[in-house]
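Asker: Below is a structure I'd like to ask you about.
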Amino acid sequence: MLDYVYYSGPFPFFLGKVSININVDETENVIQIHGQGIEEEPRNLIEFNKSTGDVYILGPVDCEKYDTLKLTFVEHDKKTHNKVSQLSVHIYIVDVNDNPPLFEHQKYNITIEESTLQGKSLILNKYHDEINFISQSLKVKQNTSSLKAEKYVLIVMATDDGKPKPLSSSCTVIINIEDGNNHLPEFIKQNVKKVKEGQENVFVSRLQVADNDTRETRAWKAKYKIHGDKNNNFRITTDPETNEGLLYVEKHLDFEEDPVKNITITAENEIPYYIRHEDGTEKTSSYKMTVNVEDVSEPPVFDRPQKQISVPENVEAGVNKKTSTFCFRYIKGEDPADCLTVDPETGDIKTSKSLDRESPFVKNGVYVATLYAVKDGERPLTGTATLSIQINDVNDNAPSLAVSSIDMCQSDETSQANITALDLDEEPYVGPFRFKLLEDVEDRWRVEPKQGYSVYLVKENKVYSGHHELLIEVSDLQGKTAVHKLSVTVCDCLNVTQPNCRNLKASRSTLEGASLRILFLCLLIVTLLVSCKYKKLQIPITIPADNSGHLIISNTEEPGDDCRPCHVGMSSCAAGHLMGDACCFQCHRVKGHRCFIY
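In this text, residue positions in the sequence shown follow full-length UniProt numbering: the first is 1, and each later residue adds one.
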């Protein structure tokens, strides 16, 4: 065996001498060398001097691949080729510190909950120095609930103990602090719901909850459970967009069996609620709901499906003493909407036109009519029945906007205005409504929030002053949708809290109207000055023979072309002229006719 030698170059390098007993006649024997470094990998690294027995290495050997080189020296008889002797030599390759420790990844992304306690292991760091694998864990030193940042970036370094110089490497660890479940979901409101008996897989109500944890996280997403539902009539799911609970009837309800169902619904998050030591036991959020089961018209059930009657034998044909003197007939009494017909013989009542729950004749969903049964006879008798028709609501009305035009103030910042929707239907065909702006309004207009009875129309600062027409789609809980045109006027407001662009419009219109009237008056004056002509008119006058008065010679200015023609038989001047003015004087005195009114 050769001794251990630490060497890193240059090459070739003398490893040692192999002593072999050789015959006196050296020419009769041959020595051959085989093994690693000769004809086996790593090839051509070992050189052997057959004359001296010296062994040389011609280059470095990677210890991580070959930790030992195994050689065999064989002595053969030159003539017979028989093996005379054999020697095995092992050359051990000693490792040196030429590989730094390496991590499995250069970057680690870790997400931990806000409520992670001190001492919990976060990640197992594995790094290797070619052959030797080492594992260490990264732990929390401080409770994360007291940390303020949402993300931490750490540089982790691994260093070996190699000589003469230690080697090292590093990796980056990014720790994201996920918002913990510090707030329970709280139900917003509680009320009574109604559902018809006999229905299955129908929607009942949306249960709204408020959760102050970060949206779209497991600490915010709600899970709902139903308690007190012995017959499993209900089921509940979570709306992934709004986090609301959607309550449905799974199995039909029976009014006669149970007209009122009282259930309790609890809400929790996808991750457990975090309890600090000082908080004590965990709190729960629950919601008590009353569901009224509405009775509906069901097929009648006969108490006696078979009936027997008896008559005496030998009764004469065609004789019926008991029923020959009177009969019933039915007539309709009060029918405010004139929507019913009555069969006078059977009393069957049918509708002659559709019943509208929103009709003014329907009070609280009930239409009331009266029916008379008249018994003919010597003294007719009348019975009165009151028919109350419960009209069950259907989703026949789409939601509408309370106002179709609003004013908003021009501003360098975003501004908002309230939008309210209405629906003539009743639950569950009403709100909260879903609002959606149509057409290309991105970066200019938006609606916040997207669901509710009243929402805000938000205007970005890119919107210019003037009149804008927006199309807004409003949907109720069952998906009944209507598209409305919303007229928005943007102006510079005097009072930002109460936008009012109409006053500015009115003042502007007044000024414009006054300006137009002044301009028209000026044009009229110019037209009259240009178009009117003046000339002398001599008016003939018939003087009675017995006239003893004085004649007054007078010249009168002839009227312009705007004088209207005169007609015989009229009694007054034309419209716009006073008695005695030029036009009327001309008609009456010159032409011998009287003026008239057009």
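Glycine is no exception: its CB is placed at the ideal position from the N, C-alpha and C atoms.
Going straight from the alpha carbon of I271 to that of W220, what length do you get?
Answerer: Here residue 271 refers to the residue found at position 271 of the sequence shown. Here residue 220 refers to the residue found at position 220 of the sequence shown. Using only the alpha carbons, I get a separation of about 9 Å.
Asker: What does the alpha-carbon distance come out to for the pair G479 and I175?
Answerer: In the sequence shown, the residue the question calls residue 479 occupies position 479. In the sequence shown, the residue the question calls residue 175 occupies position 175. For G479 and I175, the distance between alpha carbons rounds to 43 Å.
Asker: Name, in chain order, the residues that DSSP records as bridge partners for L470.
Answerer: Here residue 470 corresponds to residue number 470 of the sequence shown, with the count starting at 1. According to DSSP, L470 bridges with L486.
Asker: By alpha-carbon positions, which one of L457, V463, Y464 ends up nearest to E473?
Answerer: Here residue 473 refers to the residue found at position 473 of the sequence shown. It is L457 whose Cα lies nearest to the Cα of E473.
Asker: Going by DSSP, what residue range makes up the beta strand (DSSP E) through G228?
Answerer: Numbered from 1 along the sequence shown, position 228 holds the residue referred to as residue 228. Where G228 is concerned, there is no enclosing beta strand (DSSP E), given that its DSSP letter is neither H nor E.
Asker: Can you tell me whether F435 is buried or exposed? The criterion is at least 16 other CB atoms within 10 Å of its CB, across all chains shown.
Answerer: Residue mapping note: residue 435 aligns to position 435 of the sequence shown, counting from 1. Buried is the call here.
Asker: Cβ atoms of P259 and V293: under 8 Å apart, would you say?
Answerer: If you number the sequence shown from 1, residue 293 lands on position 293. If you number the sequence shown from 1, residue 259 lands on position 259. For V293 and P259, yes; Cβs fall inside 8 Å.
Asker: Do E334 and T382 have their C-beta atoms within less than 8 Å of each other?
Answerer: Reading the sequence shown from its first residue, position 334 is the one you call residue 334. Reading the sequence shown from its first residue, position 382 is the one you call residue 382. No. Outside cutoff.
Asker: Can you have a look at M408 and say buried or exposed, based on whether 16 or more other CB atoms are within 10 angstroms of its CB?
Answerer: The residue labelled residue 408 in the question sits at position 408 within the sequence shown. Result: buried.
Asker: For K459, does the count of other Cβ atoms within 10 angstroms reach 16, so buried, or fall short, so exposed?
Answerer: As a working note, residue 459 is residue 459 in the sequence shown. Counting Cβ neighbours within 10 Å, K459 comes out buried, since at least 16 surround it.
Asker: If we count the other Cβ atoms within 10 Å of its Cβ and call it buried at 16 or more, is F14 buried or exposed?
Answerer: Counting from one through the sequence shown, the residue named residue 14 turns up at place 14. The residue in question, F14, is exposed, as its Cβ has fewer than 16 Cβ neighbours within 10 Å.
Asker: Using 8 Å for Cβ pairs, my map puts S285 next to L184. What's the rounded Cβ distance?
Answerer: Position 285 of the sequence shown, counting from 1, holds the residue named residue 285. Position 184 of the sequence shown, counting from 1, holds the residue named residue 184. That pair is a contact at about 5 Å.
Asker: Straight-line CA distance for F48 to F11?
Answerer: Here residue 48 corresponds to residue number 48 of the sequence shown, with the count starting at 1. Here residue 11 corresponds to residue number 11 of the sequence shown, with the count starting at 1. Each residue's Cα considered, the two are about 14 Å apart.
Asker: Would you please state the rounded distance, in angstroms, between the beta carbons of I93 and Y66? I believe it to be under 8 Å.
Answerer: Walking along the sequence shown from the start, residue 93 turns up at place 93. Walking along the sequence shown from the start, residue 66 turns up at place 66. Sure, about 6 Å apart at Cβ, within 8 Å.
Asker: Considering only C-alpha positions, which residue in the set K363, S19, T420 is nearest to N392?
Answerer: As a first step, residue 392 must be located in the sequence shown, where it is residue number 392. Cα-wise, what sits closest to N392 is K363.
Asker: By alpha-carbon positions, which one of K485, Q199, Y108 ends up nearest to A402?
Answerer: As a first step, residue 402 is located in the sequence shown; it is residue number 402 there, counting from the start. The candidate whose alpha carbon is nearest that of A402 is K485.
Asker: Using the Cα positions of R215 and E150, report the straight-line distance between them to the nearest angstrom.
Answerer: As a position in the sequence shown, residue 215 is number 215, starting the count at 1. As a position in the sequence shown, residue 150 is number 150, starting the count at 1. Those two C-alpha atoms are separated by around 15 Å.
Asker: Find out if the Cβ-Cβ distance for the pair V192, T290 is shorter than 8 Å.
Answerer: Locating residue 192 in the sequence shown gives position 192, where the first residue counts as 1. Locating residue 290 in the sequence shown gives position 290, where the first residue counts as 1. Their beta carbons are under 8 Å apart, which means V192 touches T290 by this criterion.
Asker: Would you mind stating whether T172 and P166 have Cβ atoms separated by less than 8 Å?
Answerer: Your numbering for residue 172 matches position 172 in the sequence shown. Your numbering for residue 166 matches position 166 in the sequence shown. No, the Cβ-Cβ distance between T172 and P166 is not below 8 Å.
Asker: State the DSSP-derived secondary structure class of I518, mapped to helix, strand or coil.
Answerer: Here residue 518 is taken as the residue at index 518 of the sequence shown, counted from 1. I518: helix per DSSP, three-state reduction.
Asker: Return the residue from the list I389, P164, V30, K251 that minimises the CA-CA distance to S85.
Answerer: As a first step, residue 85 is located in the sequence shown; it is residue number 85 there, counting from the start. Comparing Cα positions, the closest option is V30.
Asker: Could you round the C-beta distance between Y224 and G198 to whole angstroms and report it? I think they count as a contact, below 8 Å.
Answerer: As a position in the sequence shown, residue 224 is number 224, starting the count at 1. As a position in the sequence shown, residue 198 is number 198, starting the count at 1. Rounded, the Cβ-Cβ distance is 25 Å, inconsistent with contact.
Asker: Which residues in the same chain have their Cβ closer than 6 Å to the Cβ of Q416, if we skip the five residues on either side of it in sequence?
Answerer: Position 416 of the sequence shown, counted from the first residue, corresponds to residue 416. The residues are Y456, V458.
Asker: Measure the alpha-carbon distance for E114 versus S168 and round it to whole angstroms.
Answerer: For the purposes of this step, residue 114 is taken as residue 114 along the sequence shown, with counting starting at 1. For the purposes of this step, residue 168 is taken as residue 168 along the sequence shown, with counting starting at 1. Roughly 33 Å between the two C-alpha positions.
Asker: Comparing C-alpha positions only, which one of V195, F103, L494, N181 sits nearest to D213?
Answerer: Mapped onto the sequence shown, residue 213 falls at position 213. For the residues V195, F103, L494, N181, the minimum Cα distance to D213 belongs to N181.
Asker: If we call anything under 8 Å between Cβ atoms a contact, is K261 one with N233?
Answerer: Locating residue 261 in the sequence shown gives position 261, where the first residue counts as 1. Locating residue 233 in the sequence shown gives position 233, where the first residue counts as 1. Yes.
Asker: By Cβ distance below 7 Å, which residues in the same chain neighbour E469 in space, the five residues on each side in sequence not counted?
Answerer: As a working mapping, residue 469 is identified with position 469 in the sequence shown. Cβ neighbours of E469 beyond the five flanking positions: K485, S487.
Asker: Taking only three categories from DSSP, how would you classify E178?
Answerer: In the sequence shown, counting from the first residue as 1, residue 178 sits at position 178. Correct three-state label for E178: strand.
Asker: What do you get for L438, buried or exposed, if any count of 16 or more other CB atoms within 10 angstroms of its CB means buried?
Answerer: For this step, residue 438 is matched to residue 438 along the sequence shown. When all chains shown are included, L438 counts as exposed.
Asker: Could you check if D425 is buried or exposed, using at least 16 other CB atoms within 10 Å of its CB as the buried criterion?
Answerer: Along the sequence shown, one-based indexing puts residue 425 at 425. With 16 or more other Cβ atoms within 10 Å, it is buried.
Asker: Taking the beta carbon of Y464 as the centre, do at least 16 other beta carbons fall within 10 Å, making it buried, or is it exposed?
Answerer: Indexing the sequence shown from 1 puts residue 464 at position 464. That one is exposed.
Asker: Use the C-beta contact count for G37: other C-beta atoms within 10 angstroms, 16 or more gives buried, fewer gives exposed.
Answerer: Counting from one through the sequence shown, the residue named residue 37 turns up at place 37. Buried, since its Cβ has 16 or more Cβ neighbours within 10 Å.
Asker: Between the C-alpha atoms of E39 and I91, what's the straight-line distance to the nearest angstrom?
Answerer: The residue labelled residue 39 in the question sits at position 39 within the sequence shown. The residue labelled residue 91 in the question sits at position 91 within the sequence shown. Rounded to the nearest angstrom, the two C-alpha atoms are 16 Å apart.
Asker: Going by Cα to Cα distance, which pick from N82, N99, T52 is closest to E64?
Answerer: As a position in the sequence shown, residue 64 is number 64, starting the count at 1. Nearest to E64 by C-alpha distance, out of N82, N99, T52, is N99.
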